[in-house]
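Trainee: This is the structure, below, for whatever I ask next.
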Amino acid sequence: MQVAIQGPWSPLFGRLTLDSIPYTNPILVGTFAVVAVIGLAVVGAVLYYNKLGYLWREWITSVDHKKIGVMYIIIGLVMLLRGFADGLMIRTQQAMAIGPNSPGVLGAQHGFLPPFHFDQVYSAHGTIMILFAATPILTGLTNVVVPLQIGARDMAFPYMNALSLWLTTAGAILVMLSLFVGDFSAAGWVGLVPLTELPFSPGVGVDYWMWAIQISSIGTTLNAINMIVTIIKMRAPGMSWFRMPVFTWTTLSTNIIGLTAFPVLGVALALLGADRYFGSHFFTAGNGGNLMLYTNLFWIWGHPEVYFLVLPAFGIFSEIIPTFSEKPLFGYTTMVAATFAIAGISWAVWLHHFFTMAAGPDVNGFFSVATMLVGIPTGVKVFNWMFTLYRGRLTFTTPMLWCLAGLFLLLLGGLTGMMLAIPAVNYSVHDSVFVIAHFHCMVLLIGAAMFAAVAYWFPKVFGFKLDERNGLMFFWTFVLATGIVFIAMFALGFEGQTRRLAYIFDPSWKAMLWTEEAGMMLYLVSIGYFVRMLYVSLRDRVPVAGDPWGSARTLEWLTHTPVPFYNFAVTPQVNARDELAWRRDHGLDKVQPEAFEPIHMPSNTGIPFIIGMLAFTFGFGLIWRIWWLAGFSLLAIILAVIIRSFDKNLGYELQPEEIADMERNLSLAGIVAEQPARTPLTEAEAH
Amino acid sequence: MSAPRSNPLDHPEVRQASAWRYMAGFISTIVLMQAALYVTTHQQLPFAEYAFTIAGLALAALLSQAALLFGLDISRAQIWKSVSLVLTVPLFILAVGLSVWMFQNLAARTMIMPNMPQPTLLQ
Amino acid sequence: MAIQAPPGAGTRLFHPHFEGHDQISARTLGFWLYMLSDALIFTGLFVAYAVLNNPMAAAAGPIAPQIVNQVEGLWQTYAVLGSVAAYSLGTVALKSGNKGGVMLGIVLSILLALVFLYFEAHDLLGLLAAGNGPSRSGYLSAFFVLVATHGLHMVFGILWMLVMLVQIPTLGFSANVVARLINLRMFWQFQATIWVLVYVYVYMIGAF
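The listed protein sequences derive, respectively, from chains Y, Z and F.
Going by numbering that gives the first Met the number 0, the first residue of the first sequence is number 0, and it counts up by one from there.
Going by numbering that gives the first Met the number 0, the first residue of the second sequence is number 0, and it counts up by one from there.
Going by numbering that gives the first Met the number 0, the first residue of the third sequence is number 0, and it counts up by one from there.
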């Protein structure tokens, strides 16, 4: 290649050498030890209980939207923990390294993280939380819930659904691997140029960041296609557009954003990749490159992306609040209209992320007004939730509490967002921690919605509820911690603390920084309660049936609890918006189908997993410039796709007697049940 | 999942193929591109008129391709393709248009060249 | 449809014998949506080209009017549109289940696509040989990547066509094969649309 890379390169190993493993870094050695112990324990348990075959047959090769959704959520939760660890390290460094006399340990002059390592920590924190924690968890939730909500048996493209999952996993593995082999980007989650260009980031860190995001973005785009087609084409008979639940509407809108915005991220990163790999001059500081072009392309994606994350959260609020107010959602039509208004306007506001980059008052003014316009449909939503709560019969279960906390965070985050939309204000607080506090309010409301949704829909999938008492403690400690950390951060933003500081030069900020650190300790306690909640729930496993909340309203609660893998024994006929509520009002909610008929289901397949792993080796080969590995992986992926296209397997058919058995004994058909092998259909039999 | 249809060749998207539509699409696009080349090589228009003329010819070519080659209309088989295309077109315009507008403003304000009239704050 | 149907004698709670959704339509809609996302990729590339198409970004190297040949571009346009016409006429033969007709359309389509790619490769390699490759300037980077991305789409399309030439005789016109042929038709027509945009913007308006 024409580019001059630093360090050795060999044809067999590329840039990979023994020195790429950071065995002199005590933090990473310690992390590796912990990960190795946990990993060995998990692998050991799987082998000891002889579950390897079960895992392959029932989970890794699965094309069932519920299992895929659960796997997405598990990956997201693991990455959430990693992202939290990074966040804790940022806060602790800033709490320690205050003033020129602050002590330094583990090789750092102040605090415990040398600046280059600190930079990687906050870059990883942002990248992981947005793309590898929030996105997979929300994707997993929509995957599990939407087909059930519209009365379908699965997504439109079950195979592609599995492929999306394994591509996201490949990206996540690359990010985790960067801890132990090489390092990660030190240029922030945004990756601004020219810092991310080869002369200024000569290592592999930026390449890890770039390829992890590119590979998982393909998964996200494919998932968007899948969700949109599912919602358009696979609704149950009688479910017209305006009888769809609002969560499904927000999923549609979210995935339209995902489908249209993620390609532009792909271009931004690909052009940066061209600079790093082919020596082109898109964003170089010289030879005709344009630095601001990267910022422009990145944020064309970056703004719709945040709405990609927040609209599912709004959908979750719109499901849970009516359920626990025992009233239908107020203003359904305006809610739907507001959802699409937000999605549409969100495509025209991206420049507010770089008001300070000299575009001028005309341009800044346009984008400022457009940004403020987004507040109107958001306000409509907030009022609709308020009017749903008004005069409802409220029950304060943990899902409901999370939603209410989310609404408060939306108020705080949204209002500070409106402040930031004013260029004059923005010039004062751009790149300060005020901005960080603003967007953390937004992402934490998304987090609140996620925890609400997990608690709410958990019994539907697994057949037992999450422990309420530990759940309440988890909620209160988490929300309190959030308040402590981020209100202090807003104050520090006004004091002038800028972002991404490895060393705090102003000792008067000590009180606030230590307050934030106390908040982080409270987060640790809340994680403890979360783990305890999972343990107690699993240990006690009190079975629930039907509608475990008593006042659920939408179609997915009509399935059995736990939901069988074929979802509905007979396709339901939809008669109303909030179908379950309608049936309950007319005394029809306990009616079961009288006769069954054969159900056509897709077969499991290992190809998505194989392609996912090949995507991982492709990314690894590109990162380390091991050209033979990258080339072979790409070829193998293309071959796998072509070979799969010759597959004549048309799925299998469940016979009525089997279905009747499973309807009587739900444990035969639940998410952890092992299914017997069933003969696949051929072309002739399928007609 | 549903059971497969009876005969794939009866599907509306197979039946919609039409030789005259494809020939018409081919010929109309060629003619429009030929016209664009003619305007480029034989006419001496100022930039704004030139750009609008070529853009107009291109728009005509795109519309003819949409109707004649893709066969987009509001029939049951095609409606979602038409709707999704119409909703996506504004995004192309926004992305390219707003970016170009922003970079022109930026260049006027920051790419200060020798012998250039000084920009004012009111620009 | 009313939001709420009152329960009465005609109320149904279940819908047995539901034929489900039409697989082919679902696949073509899904593929269409993928194509829209692909169009957004090209939008990003056009943004980059529009921004870098100026003398500063040319870094004292060649700029658009010096490297684009509009007449040759017209021959390329003939080739790519002819390729689209050949493939599309092949799908007319699909209506009567005529395997030979479809395959003939595909073969002609591949040949005309190769003509286009020959012209384009000749152009790009000539520029590279003269030292005007993407590493020369920001403008040339944008030119190369935009044109080459379109060319890469054509290469994948040709690969897809070759696979279909194997699948039509071996698998016949099954639902899967028919869905793929229709998707390929949309893909091929789409890349010709992108070429029209490239020709008009890169070769004409942008090279004023």
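Idealized CB from N, CA, C, for every residue including glycine.
Given the structure is predicted, the values throughout are model-derived calculations rather than measurements.
Using DSSP's beta-bridge definition, name the partner residues of A575(Y).
Mentor: Taking the first sequence and counting its residues from 1, one reaches residue 575(Y) at position 576. In DSSP, A575(Y) forms a bridge with Q3(F).
Trainee: Taking Cβ to Cβ, would you say I157(F) is nearer than 8 Å to I109(F)?
Mentor: What you label residue 157(F) is simply residue 158 of the third sequence in a count that begins at 1. What you label residue 109(F) is simply residue 110 of the third sequence in a count that begins at 1. Cβ distance < 8 Å, so I157(F) and I109(F) count as in contact.
Trainee: Closest to T333(Y) by C-alpha separation, out of I503(Y), P597(Y) and W384(Y), would be which residue?
Mentor: Here residue 333(Y) corresponds to residue number 334 of the first sequence, with the count starting at 1. In terms of CA proximity to T333(Y), W384(Y) leads the group I503(Y), P597(Y) and W384(Y).
Trainee: Could you compute how far the alpha carbon of F17(F) sits from the alpha carbon of I73(Z)?
Mentor: Start at 1 with the first residue of the third sequence, and residue 17(F) comes out as number 18. Start at 1 with the first residue of the second sequence, and residue 73(Z) comes out as number 74. Answer to the nearest angstrom: the Cα atoms are 25 Å apart.
Trainee: In the structure shown, what three-state DSSP assignment does P45(Z) receive?
Mentor: Mapped onto the second sequence, residue 45(Z) falls at position 46. P45(Z): coil per DSSP, three-state reduction.
Trainee: Using the rule of at least 16 other Cβ atoms within 10 Å of the residue's Cβ for burial, across every protein chain shown, is A568(Y) buried or exposed?
Mentor: The residue labelled residue 568(Y) in the question sits at position 569 within the first sequence. Its Cβ being crowded by 16 or more others within 10 Å, A568(Y) is buried.
Trainee: Which same chain residues end up closer than 7 Å to V524(Y) when comparing Cβ atoms and leaving out the 5 residues on each side of it in sequence?
Mentor: Your numbering for residue 524(Y) matches position 525 in the first sequence. Around V524(Y): T476.
Trainee: What does L350(Y) reach in chain Z if we use C-beta pairs closer than 7 Å?
Mentor: The count along the first sequence starts at 1 and reaches residue 350(Y) at position 351. Ordered by position in chain Z, the residues that pass the 7 Å Cβ test against L350(Y) are M101.
Trainee: Excluding sequence positions up to five away, which residues of its chain have a Cβ less than 6 Å from the Cβ of A2(Z)?
Mentor: The sequence position of residue 2(Z) within the second sequence is 3, counting from 1. Reliability of the predicted coordinates at A2(Z) is poor, the pLDDT of 48 falling under 50, and no value is obtained from them.
Trainee: Does DSSP put L11(Y) in a helix, a strand or coil?
Mentor: Looking up residue 11(Y) in the first sequence gives position 12. L11(Y) falls in the coil class under three-state DSSP.
Trainee: Between the segment 417 to 427 of chain Y and the segment 369 to 385 of chain Y, are three or more C-beta pairs nearer than 8 Å?
Mentor: yes
Trainee: Residues of the segment 356 to 377 of chain Y in Cβ contact with chain Z at a cutoff of 7 Å, in chain order, please.
Mentor: A357, A358, G359, D361 and V362
Trainee: Assuming the contact rule is C-beta atoms closer than 8 Å, L183(F) and M153(F) should be a hit. Round their C-beta distance to whole Å, please.
Mentor: For the purposes of this step, residue 183(F) is taken as residue 184 along the third sequence, with counting starting at 1. For the purposes of this step, residue 153(F) is taken as residue 154 along the third sequence, with counting starting at 1. 12 Å between Cβ atoms; not a contact.
Trainee: Taking all protein chains shown into account, decide if V36(Y) is buried (16 or more other Cβ within 10 angstroms of its Cβ) or exposed.
Mentor: As a position in the first sequence, residue 36(Y) is number 37, starting the count at 1. Exposed is the call here.
Trainee: With 8 Å as the C-beta to C-beta threshold (strictly closer), list the residues of the segment 584 to 595 of chain Y near chain F in chain order.
Mentor: H585, L587, V590, P592 and A594
Trainee: Flag this pair as yes or no: are the beta carbons of A59(Z) and L31(Z) separated by less than 8 Å?
Mentor: Looking up residue 59(Z) in the second sequence gives position 60. Looking up residue 31(Z) in the second sequence gives position 32. Cβ atoms of A59(Z) and L31(Z): closer than 8 Å.
Trainee: Show which residues of chain C have a CB atom less than 8 Å away from the CB atom of S644(Y).
Mentor: Among the chains of the structure shown, chain C does not appear; the protein chains present are Y, Z and F.
Trainee: Would you be able to state if there are at least three C-beta pairs under 8 Å between the segment 308 to 323 of chain Y and the segment 347 to 363 of chain Y?
Mentor: no
Trainee: Checking 8 Å against the spacing of the C-beta atoms, do T497(Y) and D577(Y) come in under that value?
Mentor: Counting from 1 along the first sequence, the entry for residue 497(Y) is found at position 498. Counting from 1 along the first sequence, the entry for residue 577(Y) is found at position 578. Cβ distance not < 8 Å, so T497(Y) and D577(Y) don't count as in contact.
Trainee: Which partner residues of P679(Y) appear in the DSSP bridge assignment?
Mentor: For this step, residue 679(Y) is matched to residue 680 along the first sequence. Answer by DSSP bridge pairing, in chain order: Y651(Y).
Trainee: Which residue from N104(Z), A76(Z) and L62(Z) puts its Cα closest to that of F365(Y)?
Mentor: Position 366 of the first sequence holds residue 365(Y). When only C-alpha atoms are compared, the closest one is N104(Z).
Trainee: Which residues in chain Z have a C-beta closer than 8 Å to the C-beta of N295(Y)? List them in chain order.
Mentor: In the first sequence, residue 295(Y) corresponds to position 296, counting from 1. Within 8 Å Cβ-Cβ: S98, M101 and F102.
Trainee: For R108(Z), which residues in chain Y fall below 9 Å Cβ to Cβ?
Mentor: Here residue 108(Z) is taken as the residue at index 109 of the second sequence, counted from 1. Going along chain Y in sequence order, the residues near R108(Z) (Cβ under 9 Å) are A357, A358 and G359.
Trainee: Buried or exposed: P458(Y), going by 16 or more other Cβ atoms within 10 Å of its Cβ?
Mentor: For the purposes of this step, residue 458(Y) is taken as residue 459 along the first sequence, with counting starting at 1. Its Cβ being crowded by 16 or more others within 10 Å, P458(Y) is buried.
Trainee: Quick check on E304(Y): buried or exposed, where buried means 16 or more other Cβ atoms within 10 Å of its Cβ?
Mentor: Against the first sequence, residue 304(Y) aligns to sequence position 305. Under this definition E304(Y) is a buried residue.
Trainee: Give the interface partners of G137(F) over in chain Y, defined as CB-CB distance under 7 Å, in chain order.
Mentor: Position 138 of the third sequence, counted from the start, is the residue given in the question as residue 137(F). By Cβ distance, chain Y contributes H280, F281, N286, G287, G288 and N289.
Trainee: When the Cα atoms are used, what is the spatial distance from A452(Y) to V442(Y)?
Mentor: Taking the first sequence and counting its residues from 1, one reaches residue 452(Y) at position 453. Taking the first sequence and counting its residues from 1, one reaches residue 442(Y) at position 443. Cα to Cα, the separation comes out at about 15 Å.
Trainee: What is the rounded straight-line gap between the Cα of F619(Y) and the Cα of A629(Y)?
Mentor: What you label residue 619(Y) is simply residue 620 of the first sequence in a count that begins at 1. What you label residue 629(Y) is simply residue 630 of the first sequence in a count that begins at 1. Those two C-alpha atoms are separated by around 7 Å.
Trainee: In angstroms, rounded to a whole number, what distance separates the CA positions of D118(Y) and T91(Y)?
Mentor: Locating residue 118(Y) in the first sequence gives position 119, counting from the first residue. Locating residue 91(Y) in the first sequence gives position 92, counting from the first residue. Cα to Cα, D118(Y) sits roughly 14 Å from T91(Y).
Trainee: To the nearest angstrom, how far is the alpha carbon of R275(Y) from that of A23(Z)?
Mentor: Numbered from 1 along the first sequence, position 276 holds the residue referred to as residue 275(Y). Numbered from 1 along the second sequence, position 24 holds the residue referred to as residue 23(Z). Approximately 45 Å between the Cα atoms of the pair.
Trainee: Taking the straight line between their C-alpha atoms, what separation do you get for A96(Y) and R499(Y)?
Mentor: On the first sequence, position 97 is the one that residue 96(Y) refers to. On the first sequence, position 500 is the one that residue 499(Y) refers to. The alpha-carbon atoms of A96(Y) and R499(Y) are separated by roughly 13 Å.
Trainee: Within 8 Å (strictly less), CB to CB, does I40(F) reach chain Y?
Mentor: As a position in the third sequence, residue 40(F) is number 41, starting the count at 1. It does: the Cβ of I40(F) has a partner Cβ on chain Y nearer than 8 Å.
Trainee: Could you tell me how far apart the beta carbons of A614(Y) and I642(Y) are, in whole angstroms, since I believe they sit closer than 8 Å?
Mentor: Counting from one through the first sequence, the residue named residue 614(Y) turns up at place 615. Counting from one through the first sequence, the residue named residue 642(Y) turns up at place 643. Wrong, their Cβ atoms sit about 16 Å apart, outside the cutoff.
Trainee: By DSSP's criteria, G110(Y) is part of a beta bridge. Which residues make up the other side?
Mentor: Here residue 110(Y) refers to the residue found at position 111 when the first sequence is read from its first residue. In DSSP, G110(Y) forms a bridge with G103(Y).
Trainee: Looking at C-beta atoms only, is the number of pairs between the segment 252 to 269 of chain Y and the segment 18 to 29 of chain F that lie closer than 8 Å three or more?
Mentor: no
Trainee: Any idea which residues DSSP pairs S250(Y) with across the strands?
Mentor: For the purposes of this step, residue 250(Y) is taken as residue 251 along the first sequence, with counting starting at 1. Position check: residue 250(Y) holds Thr in this sequence, whereas Ser was assumed. Its beta-bridge partners do not exist; DSSP assigns none.
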